Amino acid sequence: MTIDEPFEYLTFGGTFARTFGLFFDRFDLFVAMTGIVLIPYVILVLTLGIFAASVLIREEEVPNFHPTHIPLIVLVVFLQMLVYEIATVLGQGAISQAVAMIYVGQRPEWIHCLKTSWKRKWALLGSSLLVYGTLFTAAIPPFVFLLVLSMNVNALTIILACVSCTAYVLGGLYGYIGVVMSSPAIMIECFSNPLQGIMRSWELATGSRCYLLCTLFCLWLFNNLLARLLHNMFTGGSVMDALFSVVGIIISVVPILLFFPLHAILETVLYLNLRIGRESMNHQVLAGDLASDASPASRFRNDDPSAEGPTNSMDYRHVPLMDMDDNKLDESLAPMAQQNLVV
Numbered sequence: 000m001t002i003d004e005p006f007e008y009l010t011f012g013g014t015f016a017r018t019f020g021l022f023f024d025r026f027d028l029f030v031a032m033t034g035i036v037l038i039p040y041v042i043l044v045l046t047l048g049i050f051a052a053s054v055l056i057r058e059e060e061v062p063n064f065h066p067t068h069i070p071l072i073v074l075v076v077f078l079q080m081l082v083y084e085i086a087t088v089l090g091q092g093a094i095s096q097a098v099a100m101i102y103v104g105q106r107p108e109w110i111h112c113l114k115t116s117w118k119r120k121w122a123l124l125g126s127s128l129l130v131y132g133t134l135f136t137a138a139i140p141p142f143v144f145l146l147v148l149s150m151n152v153n154a155l156t157i158i159l160a161c162v163s164c165t166a167y168v169l170g171g172l173y174g175y176i177g178v179v180m181s182s183p184a185i186m187i188e189c190f191s192n193p194l195q196g197i198m199r200s201w202e203l204a205t206g207s208r209c210y211l212l213c214t215l216f217c218l219w220l221f222n223n224l225l226a227r228l229l230h231n232m233f234t235g236g237s238v239m240d241a242l243f244s245v246v247g248i249i250i251s252v253v254p255i256l257l258f259f260p261l262h263a264i265l266e267t268v269l270y271l272n273l274r275i276g277r278e279s280m281n282h283q284v285l286a287g288d289l290a291s292d293a294s295p296a297s298r299f300r301n302d303d304p305s306a307e308g309p310t311n312s313m314d315y316r317h318v319p320l321m322d323m324d325d326n327k328l329d330e331s332l333a334p335m336a337q338q339n340l341v342v
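So for the sequence shown, numbering that gives the first Met the number 0 puts the first residue at 0; every next one is plus one.
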């Protein structure tokens, strides 16, 4: 796909138009990567679902939900989430790589993108473990607090429970939105340390959390509406039928095959869009980032290879984008100009 204006700053609607445009124009690429990374998950879901159904089914009927089924359901869900997390972390990295290559006019191949993601597997897995591990750890105090309050239910404890839950949800959303672009940052800027990717995402998200939250929420809502529609059409809304019937398992996998690549593409488009708006990122800057063997200083140069004369130029990330007084602006650019003259 060739994007007409890849480095223009996108609005809210333009972000979704770019995301869906990339997905449908390179449908074969993204679905191929999604299918490959989710094969272990699909096999596990089908195997565990059929096994659990064969254990629970009596008289060729899917049984009604019973508390004795909880341990088996918890085990099935835990294994599914573990395999899904590992597969999606690597898959998201591969899709981020593909989107960035399309931005610079290259035609990525799924095998190359997956190999690149595999090279940065520890940084990707480390960042995911830090993010979700922190969210899980932060949920323990509110859970214990709610458990204590449940022993003495009254108006005060109900209010305290609502306040604590609200505080955790708002705090969790604030933190998660700040680090949601860690995977694109690691893949595109070639970070080997997961903390670098997390800090880079936090830096870009500062001041843009409303934009990030609204776009991600809309995509999440679309996915849930689609999944609910399919479940109501084919499983009748039964929980046990959705979890342990073959049709229910297949219907559970179908939305993931669409939502997973769209979510990864959207995260990458958001990351690139914020860099375009804040750092005036252009074709050469992004191409330099993708060159893992390039020196860090050369990744942010704006030289024109076809131009004659000296190739030294300023790092435009440090040029303020907001309006400044002319005298202050001249003072801020004077040291850079002197260095170029000396060279």
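Backbone N, C-alpha and C define an ideal beta-carbon position, used for all residues, glycine too.
All of these numbers come straight from a predicted model, not from anything done at the bench.
Within 8 Å, strictly: CB atoms of residue i and residue j
| i | j | result |
| --- | --- | --- |
| ALA93 | TYR40 | no |
| THR33 | PHE259 | yes |
| SER127 | GLU188 | no |
| PHE29 | MET280 | no |
| THR115 | VAL268 | no |
| ALA204 | LEU211 | yes |
| GLY206 | TYR8 | no |
| TYR348 | ILE35 | The question about residue 348 has no answer here: the residues shown for the chain are numbered 0 through 342. |
| ALA31 | TRP117 | no |
| LEU351 | ALA160 | No information on residue 351 is available, as it lies outside the stretch 0 to 342 that the chain covers here. |
| PHE22 | LEU271 | no |
| TYR173 | ARG208 | yes |
| LEU124 | ILE197 | no |
| PRO140 | CYS164 | no |
| THR156 | LEU169 | no |
| PHE11 | CYS213 | yes |
Limits of the unbroken alpha helix (DSSP H) element including residue i
| i | result |
| --- | --- |
| GLN105 | GLN105 -> no alpha helix (DSSP H), and no H or E assigned at all. |
| MET186 | 181-188 |
| ARG227 | 208-233 |
| ILE157 | 154-178 |
| TYR131 | 120-148 |
| THR14 | 11-24 |
| SER200 | 193-204 |
| ALA290 | Segment: none, ALA290 is in no alpha helix (DSSP H) and carries neither H nor E. |
Nearest-angstrom Cβ-Cβ length linking residue i and residue j, presumed shorter than 8 Å
| i | j | result |
| --- | --- | --- |
| ALA166 | LEU289 | With 8 Å as the limit, ALA166 and LEU289 do not qualify as a contact, their Cβ atoms being about 41 Å apart. |
| ALA263 | GLY104 | Contact doesn't hold; Cβ gap of about 20 Å is too wide. |
| ALA122 | ASN192 | 7 Å |
| LEU43 | GLN79 | 6 Å |
| ILE255 | LEU37 | 7 Å |
| VAL252 | PHE233 | The Cβ separation is near 12 Å, so there is no contact. |
| LEU265 | LEU218 | 6 Å |
Chain C within 8 Å of residue i, Cβ atoms only
| i | result |
| --- | --- |
| HIS282 | No chain C is part of this structure, which consists of one protein chain only. |
Practice task
Would you check if there are 3 or more beta carbon pairs closer than 8 Å linking the region 170-189 to the region 132-139?
Solution key: Yes: at least three Cβ pairs fall under 8 Å.
Exercise for the section: Determine, using beta-carbon pairs with one atom in the region 186-205 and one in the region 221-235, whether at least three such pairs fall under 8 Å. Expected result: No, the region 186-205 does not touch the region 221-235.
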